[in-house]
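The listed protein sequences derive, respectively, from chains A and B. According to our numbering, the first sequence is numbered sequentially starting from 1. According to our numbering, the second sequence is numbered sequentially starting from 317.
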Amino acid sequence: MISASGVAAQITELFLAVALAPLMTGWVNQCRAWLQNKSGPGPLQPYRMLGKLFQKESVIAYGASPLFRITPYILFGGMCLAAAIVPTLATDLPFNTAADAIALVGLFALVRVFISLAAMDIGTAFGTLGARREMMIGFLAEPALLMVLFTASLISQSTSLSITVGKLLQMDLAIYPSLAFAGIAFTMVLLAENARIPIDNPATHLELTMIHEAMILEYSGRHLALIEWAASLKLFVYACIGIALFLPFGIAQGGDSLGLILALPVLVAKLAVGGALLAVIETVSAKMRIFRAPEFLGTAFLLAVLGMLVHFLLES
Amino acid sequence: MLPLSSQVINLLAAILLLLAFAMLTQRRILSLINLFALQGLTLALSTAVVAWSTGQSHLYWSALVTFALKVVVLPWILHRLIRRLNVKWDVETLLNIPTTMLIGIVLVILAFNLALPISQLAGTITKSTLGIAMASMLLAFLMMITRSKAVPQVIGFLAMENALFFAATSATYGMPMVVELGIALDVLVGMIILGVFFFQIRERFDSLDIRHLEKLKEE
Numbered sequence: 001m002i003s004a005s006g007v008a009a010q011i012t013e014l015f016l017a018v019a020l021a022p023l024m025t026g027w028v029n030q031c032r033a034w035l036q037n038k039s040g041p042g043p044l045q046p047y048r049m050l051g052k053l054f055q056k057e058s059v060i061a062y063g064a065s066p067l068f069r070i071t072p073y074i075l076f077g078g079m080c081l082a083a084a085i086v087p088t089l090a091t092d093l094p095f096n097t098a099a100d101a102i103a104l105v106g107l108f109a110l111v112r113v114f115i116s117l118a119a120m121d122i123g124t125a126f127g128t129l130g131a132r133r134e135m136m137i138g139f140l141a142e143p144a145l146l147m148v149l150f151t152a153s154l155i156s157q158s159t160s161l162s163i164t165v166g167k168l169l170q171m172d173l174a175i176y177p178s179l180a181f182a183g184i185a186f187t188m189v190l191l192a193e194n195a196r197i198p199i200d201n202p203a204t205h206l207e208l209t210m211i212h213e214a215m216i217l218e219y220s221g222r223h224l225a226l227i228e229w230a231a232s233l234k235l236f237v238y239a240c241i242g243i244a245l246f247l248p249f250g251i252a253q254g255g256d257s258l259g260l261i262l263a264l265p266v267l268v269a270k271l272a273v274g275g276a277l278l279a280v281i282e283t284v285s286a287k288m289r290i291f292r293a294p295e296f297l298g299t300a301f302l303l304a305v306l307g308m309l310v311h312f313l314l315e316s
Numbered sequence: 317m318l319p320l321s322s323q324v325i326n327l328l329a330a331i332l333l334l335l336a337f338a339m340l341t342q343r344r345i346l347s348l349i350n351l352f353a354l355q356g357l358t359l360a361l362s363t364a365v366v367a368w369s370t371g372q373s374h375l376y377w378s379a380l381v382t383f384a385l386k387v388v389v390l391p392w393i394l395h396r397l398i399r400r401l402n403v404k405w406d407v408e409t410l411l412n413i414p415t416t417m418l419i420g421i422v423l424v425i426l427a428f429n430l431a432l433p434i435s436q437l438a439g440t441i442t443k444s445t446l447g448i449a450m451a452s453m454l455l456a457f458l459m460m461i462t463r464s465k466a467v468p469q470v471i472g473f474l475a476m477e478n479a480l481f482f483a484a485t486s487a488t489y490g491m492p493m494v495v496e497l498g499i500a501l502d503v504l505v506g507m508i509i510l511g512v513f514f515f516q517i518r519e520r521f522d523s524l525d526i527r528h529l530e531k532l533k534e535e
C-alpha cells in the first residue's frame with residue numbers, strides 16, 4: 001500500500017541523499033585535514049569539483065565501446081536506487097517492497113561489475129589492474145556484508161530493510177552482542193568497499209597501490225563528475241545502512257509526518273559524527289599491503305558469522 | 317528480556333569467543349601473551365559477575381585467584397621467558413589465517429550444536445554460555461595444532477584451561493574451592509616446568525620449533 005506521506009518521505013530521502021552525499025565526502029576530507037594539522041579545502045570542495053568537471057569537455061579514449069560511455073550513468077543510477085531503498089528518514093517507503101537487503105547487495109555487485117568492465121574496456125594496464133583488485137576486494141567483502149545484513153534480519157525475521165529497522169526501533173534497550181559483532185564487521189566492510197585507508201587510499205592518483213582511482217583514470221568531464229558523485233553516494237548509502245541497522249533511533253515509523261521532519265536533523269547529526277569517526281579511523285591506521293586485504297575482510301566475515309551464531313546461542 | 321547481569325555475562329562470553337579467535341590468528345608472540353592476559357581478565361570479570369548475581373560467595377575467591385594467576389603471574393612469567401629466550405619479536409610465519417578462521421567457524425558451529433542439548437538441562441543463569449566455553453576450548457586446541465613454536469603452543473594450552481574454567485562456571489557455578497586451587501597450582505607448576513623445557517629445547521636444537529622433536533634419530 002502506498003501512502004502520500006510514504007511517497008513524500010521517499011522523494012525527500014532520495015533528493016537529500018543526492019544533495020548531501022558530496023557534502024559528506026567533503027566533511028570526511030575536512031576532518032582528515034584537521035587531524036593532520038592542515039587547514040583543508042572546506043567541506044564544500046566536492047561541489048566545486050563537480051561543478052568544474054560538469055563544465056569541462058568529456059574526452060573518450062580511442063577505441064572505447066558504448067559500454068564505456070553508459071557506465072557513469074549506470075553507476076549514478078544504481079547508487080540513487082540504493083539510496084532510495086535504505087530507510088534513512090522513515091520506515092514507510094514505497095520503494096522498500098521492490099527490493100530487500102539481498103537485492104541491495106546485488107545492486108552494489110551490479111555497479112561493481114559495470115565499473116570493472118568499463119575499466120578493462122579501454123585496454124590500459126592501470127584500468128585492468130584496478131578492475132582485478134576491485135573484483136578481489138568485492139568478492140571478499142560481499143559475503144561479509146550479506147552476513148551482517150542476515151544478522152539484523154534474523155533478529156527481525158525479515159530481509160526487508162524497512163521491516164528490520166522498524167523491529168530494531170521497537171526493541172528494548174539491552175546489550176546485543178550479535179549486533180556489536182555485526183557493527184564492527186560492517187565498519188570493516190565499509191572501509192574496504194568505499195576505498196578508504198586500510199585497503200585503498202582515496203587521496204592518491206599516482207601510485208601503484210591504488211584501486212578505485214586506477215579504474216577511473218580514463219574518465220574525464222561529466223563522466224568523471226558522475227562517477228565521483230556516485231562514489232560519494234556509495235559512501236553516503238553505506239553510512240546510512242550502518243545508521244539504520246545499528247543506531248536506528250530517530251527514524252520515523254509509519255506515516256508519521258512530524259517524525260519525518262524531526263528525523264532530518266537527527267540523521268545529519270549522526271552522519272556528521274560518523275564522518276568524523278571515519279576520518280579518525282583513517283588517520284590512525286596505515287594502508288595495508290593488498291595481499292593483507294583477504295585477511296582484513298576474512299576477519300570482517302568471521303565477525304559477522306560470529307554475530308549470527310552468537311545470536312542463535314545467546315539471544316534466541 | 318534478560319536481566320542485566322545475564323546480559324553482561326553474555327557480552328563477556330562473546331568477548332571471550334572473540335579473544336579466542338584473535339589468539340588463533342595472532343602471529344606475534346608478544347601480542348599473543350597480551351591477548352592471553354586479556355582473556356584472563358574477561359574470565360575473572362565474568363566469574364565476578366556470576367558471583368554477584370547468584371550470591372555464590374566462593375566464586376569471588378575463584379575470580380580473585382583467576383585474576384592473580386592469569387592476569388598477573390602467568391603473563392609476567394611468559395614475558396620474562398620470551399625476553400630471556402630472545403623471542404620477543406618472533407613471528408609465526410607458517411600460518412594461513414583465512415583457512416584457520418574458516419576451520420575455526422566450523423568448530424564454533426560444532427561446539428554450539430553440542431552444547432545446545434546440555435545447556436537446556438542446566439538451570440544456571442549462565443547456561444547459554446556453555447557453547448561459547450566449548451567453542452573457546454576447541455579453538456585453543458586448534459591453536460595448539462596449527463602452531464609450530466613452543467611458546468604459542470603453551471599459550472594455547474593455557475587458553476584451553478581458561479575455557480575449561482569458564483565451562484565449569486557456566487555449567488555448575490564453578491568447581492569446589494579445593495579443586496580450583498589444585499588446578500591453579502597445577503597450571504602454575506606446569507608453566508614453570510615448561511619454561512625450563514623451553515631452554516632445554518633451545519639448547520638442544522638452537523630453535524624453539526618443536527617440529528625438531530618429531531625426529532627420533534640423530535643424523
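Cβ atoms here follow ideal geometry from the backbone N, Cα and C, with glycine treated the same way. Being a predicted model, the structure only gives us computed values, none of them experimental.
The segment 317-336 of chain B makes no contact with the segment 198-205 of chain A, as fewer than three CB pairs between them are under 8 Å. Segment contact: the segment 441-449 of chain B against the segment 279-294 of chain A, fewer than three CB-CB distances shorter than 8 Å; contact not assigned.
The Cβ atoms of residue 331 of chain B and residue 358 of chain B sit closer than 8 Å to each other.
Taking the Cβ atoms as the reference, residue 148 of chain A lies roughly 7 Å from residue 189 of chain A, within the contact range of under 8 Å. In the displayed model, residue 407 of chain B falls within a strand according to three-state DSSP.
By the rule that beta-carbons nearer than 8 Å mark a contact, residue 295 of chain A touches chain B. Straight-line measurement puts the Cα of residue 503 of chain B at about 10 Å from the Cα of residue 510 of chain B. Contact check for residue 250 of chain A against residue 230 of chain A fails: the beta carbons are separated by 8 Å or more. By the neighbour-count criterion, in which a residue is buried when 16 or more other Cβ atoms sit within 10 angstroms of its Cβ, residue 436 of chain B is exposed. Nearest to residue 453 of chain B by C-alpha distance, out of B/318, B/327, B/337, B/326, is B/337.
Taken atom to atom, the span from the alpha-carbon of residue 186 of chain A to that of residue 276 of chain A is near 17 Å.
Between the segment 212-231 of chain A and the segment 114-124 of chain A, the count of Cβ pairs shorter than 8 Å is three or higher; the stretches touch. Under the DSSP assignment, residue 88 of chain A falls outside any alpha helix (DSSP H); it carries neither an H nor an E label. By the neighbour-count definition (other C-beta atoms within 10 Å, threshold 16), residue 66 of chain A is an exposed residue.
Residues are counted here when their Cβ sits less than 7 Å from a Cβ of chain A; for the segment 402-433 of chain B these are 413, 414, 417, 421, 424, 425, 428, given in chain order. Neighbours of residue 306 of chain A in chain B, taken as residues at a C-beta separation under 9 Å, are given in chain order as 330, 333, 334, 337, 421, 424. According to the DSSP assignment, residue 238 of chain A belongs to the alpha helix (DSSP H) that extends over 221-246.
For residue 326 of chain B, the closest Cβ of chain A is nearer than 8 Å.
The closest CA to that of residue 423 of chain B, considering only B/345, B/368, B/470, B/449, is found on B/449.
Secondary structure note for residue 509 of chain B: its alpha helix (DSSP H) is the uninterrupted segment 493-521.
About 6 Å separates the beta carbon of residue 459 of chain B from that of residue 339 of chain B, a gap short enough to meet the 8 Å contact definition. By the C-beta density criterion, residue 463 of chain B is buried, having at least 16 other C-beta atoms within 10 angstroms. For residue 323 of chain B, at least one C-beta of chain A is nearer than 8 Å to its own C-beta. By a beta-carbon distance limit of 8 Å, residue 467 of chain B contacts residue 345 of chain B. Their separation comes to about 6 Å. Annotation for residue 388 of chain B: no alpha helix (DSSP H) segment contains it, and DSSP assigns it neither H nor E.
Counted as a single uninterrupted DSSP element, the alpha helix (DSSP H) harbouring residue 163 of chain A occupies residues 161-170. At least one CB atom of chain A sits nearer than 8 Å to the CB of residue 444 of chain B. Residue 448 of chain B reaches chain A at 310, 313, 314, counting residues in chain order whose Cβ is nearer than 9 Å. Spanning the alpha carbons of residue 480 of chain B and residue 404 of chain B requires a straight line of approximately 28 Å. If you draw a 10 Å sphere on the C-beta of residue 488 of chain B, you find fewer than 16 other C-beta atoms in it, and that means exposed.
Taking a contact to require three or more Cβ pairs closer than 8 Å, the segment 54-64 of chain A and the segment 76-85 of chain A do not qualify as touching. Between the alpha carbons of residue 501 of chain B and residue 521 of chain B lies a distance of about 30 Å. Between the beta-carbon of residue 89 of chain A and that of residue 13 of chain A there is about 5 Å, and that keeps the pair under the 8 Å contact cut.
The straight-line gap separating the alpha-carbon atoms of residue 476 of chain B and residue 456 of chain B is approximately 5 Å. For residue 302 of chain A, the chain B residues whose C-beta falls within less than 8 Å of its own C-beta are 337, 417, 420, 421, listed in chain order. With a cutoff of 8 Å on beta-carbon distance, residue 23 of chain A and residue 43 of chain A are scored as near each other.
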